[in-house]
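J.:
2 protein chains.
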Amino acid sequence: MKRLYSIFIFLLVYSTNFAQYVEYVNPFIGSSNFGTTNPGALLPRGMVSVTPFNVSGSDINSFDKDSRWWSTPYSSDNTYLTGFSHVNLSGVGCPDLGVIILMPTTGPVKADPKEYGSIMGEQNAKPGYYQTQLKKYNIKAEVSATQRTGISRYTFPKGKSNILLNLGLGLTNETGASLRIVNNQEIEGSRMTGSFCYNDGSERLVYFVARFNKPASEFGAWKKMPEMQAEAAWSKTSGKYKYYKNFMQTMNGRDIGTYFTFNTEANETIIVEVGVSYVSIENARLNLEAESNHFDFEKTKLEASEDWNQILSRIKVEGGTDDQKRIFYTALYHTQIHPNIINDVNGQYPAMESFEIKESKDCNRYTVFSLWDTYRNYHPLMALIYPNEQLDMVRSMIDMYKESGWLPKWELNSRETHVMEGDPAIPVIVDTYMRGLKDFDVETAYEAMYKSATTEGSKNKLRPDIDHYLSHGYVPLQEEFDNSVSHALEYYIADWNLAQFAKDLGKTNDYKKFLKQSQGYKSYFDKETGLLRPKLENGQFLKNFNPDEGENFAPSPGFHEGTAWQYAFCVPHDIKGLSKLMGGNKSFINKLQSVFDNNKFDMANEPDIHYPYLFNFVKGEEWRSQKAVRNLINTYYKNSPDGIPGNDDCGTLSAWLIYSMMGFYPVCPGNPDYALVSPVFDKITIQLDPNYYSGDKFEIVNHKANTTDYLIHKIMWNDRKYDSYFINHNTITKGGKLEFFLKK
Amino acid sequence: MKRLYSIFIFLLVYSTNFAQYVEYVNPFIGSSNFGTTNPGALLPRGMVSVTPFNVSGSDINSFDKDSRWWSTPYSSDNTYLTGFSHVNLSGVGCPDLGVIILMPTTGPVKADPKEYGSIMGEQNAKPGYYQTQLKKYNIKAEVSATQRTGISRYTFPKGKSNILLNLGLGLTNETGASLRIVNNQEIEGSRMTGSFCYNDGSERLVYFVARFNKPASEFGAWKKMPEMQAEAAWSKTSGKYKYYKNFMQTMNGRDIGTYFTFNTEANETIIVEVGVSYVSIENARLNLEAESNHFDFEKTKLEASEDWNQILSRIKVEGGTDDQKRIFYTALYHTQIHPNIINDVNGQYPAMESFEIKESKDCNRYTVFSLWDTYRNYHPLMALIYPNEQLDMVRSMIDMYKESGWLPKWELNSRETHVMEGDPAIPVIVDTYMRGLKDFDVETAYEAMYKSATTEGSKNKLRPDIDHYLSHGYVPLQEEFDNSVSHALEYYIADWNLAQFAKDLGKTNDYKKFLKQSQGYKSYFDKETGLLRPKLENGQFLKNFNPDEGENFAPSPGFHEGTAWQYAFCVPHDIKGLSKLMGGNKSFINKLQSVFDNNKFDMANEPDIHYPYLFNFVKGEEWRSQKAVRNLINTYYKNSPDGIPGNDDCGTLSAWLIYSMMGFYPVCPGNPDYALVSPVFDKITIQLDPNYYSGDKFEIVNHKANTTDYLIHKIMWNDRKYDSYFINHNTITKGGKLEFFLKK
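So the protein sequences, as listed, match chains A and B.
Positions in the first sequence are counted from 1; adding 103 to them yields the working numbering.
Positions in the second sequence are counted from 1; adding 103 to them yields the working numbering.
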C-alpha cells in the first residue's frame, strides 16, 4: 500500500504544481459572440496552432466563412468540421490564415469539403490539446503542438482510412498553393495567405512539411478542374475534382490537396506531424526535425501543458469563484497567443515588407501586431508580467522599421496590412520604456517615431493626413466616412508619447513641439454638445452632427468603429484638460456617468475601453469606477463560448479583464500610473521577473466581508495607508503588498 | 566596284549553298483545314517552338480552343493573337501543351487575354523564324529558337512597353502553374500539362527560365481571383485579375502570370530568351545558358536557318514546279518536328511513366510518338533519310520499356496517353531492324514485344483485349463502338512484324506462332460484302452492317476513325492472301478501284493511306497506282494553309507526300520493299548516311516529255532494265540510280 500512497501524493503535488493553472483555462471562451478566439492547440506565442476548422462546407453550420464578413476558423455555434488548420489568427476581426488543413476520413477518398466533412461529437480542449470525435467516420481526432509544429493523432476504425491535406480550403481569401509528395510518409508545400481585412497587398507564403508515422498504402494529389465549355463533352473531370494517383511532381493550383490512405486495424492510430515556416520548405523541415517528439503524441501534449502552466503561473489568484478563476486564466491564456514568433529554429524570418530573409539573434522575432488595439492595455500588461517577451516585441517592431522604413501599424507575417489608423507603435515603445524596460535600440526607435511624426503626407505610410494635422492642428473631415477625428485622436496620443520620450532623451525642443501638438484635440471640442465633433477644413464644425451615429460598427462621419460618445473621452493623456473643457469636474463626471447610464458605452471595442477608470481622476468619485468596472466584468465576461464581449483583438479585451479583476488599470499608455479599483479575488500574487524588476513579487490582498463587495474603504501599500487611487508601475515593480479594505 | 561585286558573288553562293532548301519551306502549309501544323519558329526536333497563339480570347477568330474539339495553338483562319507559346505540338489531333505564353503590349498592364490580345498584321515565316505585327500596339514581334530555348525580339514604339508571361492561358486542358520573379531581368517557373485527347493520367510539368536583355523598370505578378459570394462586397479583386507589384516569392495558382515593364524609345527592341526543361528549373537555366546566343537574335535566326538547310539538304529535288518543291520541302520540314528531343543539355530527362530523372548518354532521348500514325510510313522514311535519328528513336522506345515495363503507343513527354489502339511500337522497331539498322538492344526489344503479345488482358497495357484475340483469333464486338476490328487489325500487323523479327533472331517457334496469329484477319472476311466485317463473340457477323458508317470520323461499329471500306485492305502484310479471299486478282482490283471511283477513300487518315499503292501487287495493273497516287497528290496537297488533307499526324501525311512525290512507298512496315510509281520531279538525289549505308547516294531520274506525265513506260536500275514495280530498301541503300521512263 505504501507505494500506491506515494503515487497518490505525487499526483497531488503534481497537480498543484503543474496542472492547477491550465485546469482553469477554458479554450472555448470567446469562440462564439464574435470573440473570434478558438480552442485550437498551441504553445504560448507558437507559430503553429492546430485548430478545428468548422466554418465551411455545410448549411447545417450557423456561420459560413463565405456568407458574411467572417474572421475565425472556428465557431462554437457550428458542428460541421472540414479539418484542422495549422496557422491561424485568434481574436481578430478580419479573415486570414486558417490554412494547411488536415482531415481524417474513411472509405473512398473525397476531396470536396462538402462531401468529406463530418459532424463533430463531444469536444475537449486544454491548453496545448484539443480533441473531438468525427461522427460520420467514428474517428477520434486529437491534436497538440510545439512552437513550430502541429501533431495530430487520429484513432481510426478498421478499414480503409485516409488523411487528407487540403490546401484549397482556407480562411484567408488569398489562393494558390503548391505541394509535392516526397514519399509515402512525407509531403511538402506552400500556401499563399494575405488579403487581411479584404485588403490586397499583404501577401506571403507559408511553407510546410508533413510527416506520417506509417507509410501510406496509397497516395496521390487532387486538383479541382475548371468548368469547360464545349469541351466538357469529352472530359471526365471538367468542373470536378481530379485525382492524380502517385503523382510526385510539384502540384500547383488553386484548389489542390493530397490524400494518404492506410489500411487500419480497429482503433489503430496514425500520427501526423506538420512543421511550418514563413521562410522556406527547408526551414519547415528543420523546424519539424528540431521540435517534434518523433510522433510521441503524449510527450508533446504533456510538454505543451507544462509550458502553459509555467506561463500562467506568473500570476496566482486566490479566492473568487471557479468561474472567476476560469475567465481570469483563460484571459491570461488569450494574451499569450499573439504576437507570436515568426522566426524559425535557426533564427531566420522574412523581413518586413520584403521577400528577403533575415536572422534574429538572441531574441525572438514576433509577428501579428494589432497595435491600434493592443497599445492601450495589452503591452503595458506584457511589460509587467512578461517583460522579456515585451522587450522582444519592441525589438521586433524597431527591426521592422529598419527593414521597411516604417514602424508597424497592423503587422501580419512581416507585411503591413494598413488596418485601422494612427501611429500606435509609438505609445507601445514609449510605454515600455517608461516602465523601465529600456534595453532596446532607443536611438533608432526615436528616429522611427520622429519620421512618421514629421514626414509629409504623400510619403507618410502611417499618417497619410499629417499635412492637415500639422497645419490645422486637427484632421478635417473631407469625405463622409473618412474617420478624420479618430485619426487625429490617435496622432494626439502618439505625439504625447513621443513628447515624453523626447523629454527623457533630453530633446527639449521636440518635447515641447510634440506636447503642444498633443493638445490639438481641444479644437474638436464643441461647446454645444460638450463632445469632440468632426470639423471641416474651414474650421467649422460638421453640421447635422448625431453623436449616436456609429453604433455597432456602423459608419459614422469622423469616427472609426464608434460613436462620438465612444471617442469623447479618448484623450487619456489629458483627462484633466478634457475635464476643464467639459466645464469642470462635476460636468465631466456627469457626462461620463451618462455614458454608462444611457447605454452609450461599448465594451466590445477599444476607443472607450478606459472610460470606467476615468472617475478616478476626480477625488471622491472613485467609487463610480469601482462600480462601473465590476458591473462590466459581471455583465460581459463569462465562462462560456460567448464569454468575451466582442473580438478579443489579440488579447486586448482579455488584458482589460485581467487588469480589472486584479484591481488596477493603465489608463494612458506611456504613463506608468495605474488607476485602482477593487479586485475580484481575495489575493493576487504577481511574480516579477528578476532580470527586469528589483522586486520579487507584487501582492494584492483584498479584505472584504462578502464576495460581491466592491466599494473601497481603505487602501494600504506595504502596511501603510495609501491615499491615492493611482499607483505607479515603477513603484509596484520594486515589490510590495497592496491591500484593499472594502466596505461591507 | 570589285569589292561590291565579290560580295554579290558571295551572296549568290551563300544563297545556293545555304538558303536554297529553306526557301522552299512554307510553314503556313497545314495551318488551316485541320492540318494542325503551325508556323512557329523551331529547330529540327527542337524541344521548344515559339508559336503564335491565336485560338483564344476573341469572337473575331474563326476558331476558339474552348468552343469545340481543338488541337492546335494557331490557325491561319484566325487573326486575334494572345501571345507566343513555347512548347507546342504540331500536326496532332488532340489538345495539349501550348503553354508558357509571352506577349508584348503597351500602355497599362492587362492580364486578361480578352483585353490584351491584338489583331495580327502581315505574317512571315521561314524555318526557325516567324514574324508579325501587332496592330493594336504597333509592335513588331519576331521569334526564333534553339533546340531548348526560344528567343523573341519585340520592336516597341516610344512609351511604356510591357512583356507579359501568361501561365494561365494554354492549349492544354491541364491547369496549374508556379512562377518566381528572380530579379528585374529573370523569371522562373513551371506549368502543368497533360490530359491529351481529354484523357486524364498523362500529366507532367514543363519548367522554364525567361531572361530579358534589359532590366525592367517595373515588374510584378498577377493572379485571377475566384468570385466571392457575400464577401465580394468588401474585396476589390473578387473574380478579377489581381496584380502583385514587386512580388518575389513563388506565385502558385491556376491563372497566373507576370508583367515586366520597360520605358522604350521609338523602335527600341527588347529581347527575351526562354529556356525550357521537362526535368527542373535548374536544367531550364542550364539549357538557356548552354544554348542561347546571349540575346543575339540575328545569330540565332541564322543558325536556325542553317540547321534547317542542312537537314533539308539530305534530299535534293530537281525539276517540278516551284509549288511542287514547296509542298515537298515543307513536308520534309514537317517530318522534322516530332518526335522531338526531351533530354536537356546535360542528358537528363524524365523517365517514362515516372517522376524519376534519367540521363541519356551518347544519344538523344525522343518524345511525342504518335505511333498508330507514324509506324506506317514515317519511321521507314526516317530510317532511309535520317538513320541516326531513327535509331535514337528506337533506343528511346526501348528505354521507355525499361523504365515503365511497356513499349509506347502514343507517348507524350514520357507519359503514355493511351490514344488509338494496337501495338505500333513493334512494326516501328522491326521495320528499322529490317532496314539494316540494328544497333540497338535487340534482346530487350524482343522481350518487350513478346510481353505485350502474350500478357493476359487484365495486365496488358497495350492489348487490353488480347484474351479474346488469342482465344478466338479475332477481337469480338462487345460494345457498339468498341473499335474491335481496328484493334485486331493492328494486332495482326504487329504480330506479323514480331514473326519476322523472331525468324531473324532464330526463334522459329515464335515465328510460326505469331505468323499464324497474323493471318487471323481472314476470319473477319465476309463473303457477302467482300469486306472485313465486325464479328460477335459467338462467331456470327454483326447484323445491320453498313460499310459506309464511320465517314468523317463518325463512330462506327468495329472500326476506329474510318469505315469498313477504309479498313478493308488494311492487312499490308498479306495483300496476296487478301486478294485470294476477295476472289482473286480481278475481283481484288475491281474492289480496290471502286474505293477510289466511289469516293470511299479518305486521304485524311491513316488506315487506307497505303491503298493507292496496292494495285502494284497485280501485274499489269501498276498504272492504276501511278494514276491514283498522282491524283491524290494533285487533289489534296497544296502550297497554301489548307495544303494538308487533315491532321498531319506528326508527319505521317507529310511522309506519304514525300515518298509519293519521289515515286516509291513502303507499303508494309517490317517489309523493306517499296512499291514504285512515277516521281513528280525530274531528278531526286538522296544523300545516304555513310555511317549506316554502304552507298553514298540514291538517285532517281525521271525521263518524261510533259510535266503532267505519270504513266511508267520503263524502269532502269543502275543502267539495266528493271522488271519489278517494287524495290528493296537494302538494295537502294547500297547506292545507285533508278530511272523512270514515262509514256508520252
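C-beta atoms are modelled at their ideal positions from N, C-alpha and C, and glycine is treated no differently.
Here the structure is a predicted model, which is why all the values come from computation and not from measurement.
Is F137 of chain B close to chain A? Criterion is C-beta to C-beta, closer than 7 Å.
T.: no
J.: Just list the residues that DSSP pairs V309 of chain A with in beta bridges.
T.: The partner list for V309 of chain A (beta bridge, DSSP) reads A:R294.
J.: So which of A:G138, A:D776, A:F704, A:Q236 has the shortest CA-CA distance to S174 of chain A?
T.: A:G138
J.: Would you mind listing the alpha helix (DSSP H) stretches within the segment 640-689 of chain B that are 4+ residues and don't spill past its ends, in chain order?
T.: 667-670, 678-684
J.: Counting only beta-carbon separations shorter than 7 Å, does W513 of chain A have a partner in chain B?
T.: no
J.: Around the Cβ of M104 of chain B, are there at least 16 other Cβ atoms within 10 angstroms (buried) or fewer (exposed)?
T.: Low per-residue confidence applies at M104 of chain B: pLDDT is 39, beneath 50, and the placement is therefore not dependable, though the value from the model is reported in the following sentence. Burial call: exposed.
J.: Could you say if the segment 400-410 of chain A and the segment 302-314 of chain A meet the contact criterion of at least three C-beta pairs nearer than 8 Å?
T.: no
J.: Starting from the Cα of E277 of chain A, find the closest Cα among A:K229, A:T340, A:I203, A:G210 and give me that residue.
T.: Here the closest residue by C-alpha is A:I203.
J.: Exposed or buried, which one is S697 of chain B when buried takes at least 16 other CB atoms within 10 Å?
T.: exposed
J.: Starting from M523 of chain B, trace the beta strand (DSSP E) in both directions and tell me its first and last residue.
T.: First-last for M523 of chain B: undefined, no H or E at that position.
J.: May I ask which residues mark the beginning and end of the alpha helix (DSSP H) holding E409 of chain B?
T.: 400-415
J.: What does D264 of chain A pair with, by DSSP beta-bridge criteria?
T.: A small fix is needed here, since residue 264 of chain A is Ser in this sequence, not Asp. The secondary-structure analysis by DSSP pairs S264 of chain A across a beta bridge with A:T209, A:F365.
J.: With distance defined between alpha-carbon atoms, name the residue in A:E456, A:V377, A:D199, A:Y127 nearest to T433 of chain A.
T.: A:Y127
J.: Would you check if the distance between the CB atom of G279 of chain A and the CB atom of N164 of chain B is smaller than 7 Å?
T.: no
J.: Flag M351 of chain B as yes if its beta-carbon sits less than 7 Å from any beta-carbon of chain A, otherwise no.
T.: yes
J.: What distance in whole Å lies between the Cβ atoms of P490 of chain B and L415 of chain B, which are believed to be in contact at a cut-off of 8 Å?
T.: The Cβ separation is near 17 Å, so there is no contact.
J.: Between N396 of chain B and V448 of chain B, how many whole angstroms is the CB-CB distance? I'm expecting something under 8 Å.
T.: Their Cβ separation, rounded to whole angstroms, is 14 Å, which puts N396 of chain B and V448 of chain B out of contact at 8 Å.
J.: Residues of chain B with CB closer than 8 Å to the CB of Q332 of chain A, please, in chain order.
T.: D169, S170
J.: G766 of chain B and L779 of chain B look like a contact to me (Cβ under 8 Å); what is the Cβ gap, rounded to whole Å?
T.: 6 Å
J.: Do F313 of chain A and V377 of chain A have their CB atoms nearer than 7 Å?
T.: According to the sequence as given, residue 313 of chain A is Ala; it is not Phe. At the C-beta level, A313 of chain A and V377 of chain A come within 7 Å of one another.
J.: Using a threshold of 7 Å, state whether the C-beta atoms of K239 of chain A and S221 of chain A are closer than that.
T.: yes
J.: I'd like the ranges of any beta strand (DSSP E) spanning at least 3 consecutive residues and lying wholly in the segment 147-220 of chain A.
T.: 152-155, 204-209
J.: List the endpoints of the continuous alpha helix (DSSP H) containing E394 of chain A.
T.: 384-394
J.: To be precise: take each residue of the segment 455-482 of chain B, compare its Cβ to all Cβ atoms of chain A, and keep it if any distance is under 7 Å. Which residues remain?
T.: F458
J.: Determine, for R429 of chain B, whether the minimum Cβ-Cβ distance to residues of chain A falls below 7 Å.
T.: With 7 Å as the cut-off, R429 of chain B does not count as an interface residue toward chain A.
J.: Interface residues of chain B around N355 of chain A at Cβ under 8 Å?
T.: G279, A280, S281, S293, M295, N355, G356
J.: Going along chain A, which residues have a C-beta under 8 Å from P329 of chain B?
T.: T278, R357
J.: If you measure from the beta carbon of L200 of chain B to each beta carbon in chain A, is any gap under 7 Å?
T.: no
J.: Between S555 of chain A and the rest of its own chain, which residues show a CB-CB distance below 7 Å, the 5 nearest in sequence each way excluded?
T.: W509, L510, D526, N563, L565, R566
J.: Please work out which residues of its chain come closer than 6 Å, Cβ to Cβ, to M73 of chain B, disregarding the five sequence neighbours upstream and downstream, and give them in chain order.
T.: Lying outside 104 to 847, the shown extent of chain B, residue 73 of chain B is not represented and no answer is given.
J.: Which class does S341 of chain A belong to by DSSP, given the choice of helix, strand or coil?
T.: Looking at S341 of chain A - three-state DSSP - the assignment turns out to be coil, as it is neither helix nor strand.
J.: DSSP three-state call for Y624 of chain B: helix, strand or coil?
T.: Y624 of chain B: helix per DSSP, three-state reduction.
J.: Just the Cα atoms here: how many angstroms apart are Y627 of chain A and Y796 of chain A?
T.: 41 Å
J.: For L308 of chain B, return the contacting residues in chain A, with the cut-off set at a CB-CB distance below 7 Å.
T.: Q352, T353
J.: By how many angstroms is the C-alpha of G422 of chain B removed from the C-alpha of I501 of chain B?
T.: 41 Å
J.: Tell me which residues share the same chain as A454 of chain A and place their Cβ nearer than 6 Å to its Cβ, disregarding the 5 neighbours each side in the sequence.
T.: Counting only residues of its own chain and dropping the five nearest sequence neighbours on each side, A454 of chain A has a CB closer than 6 Å to the CB of K461, E506.
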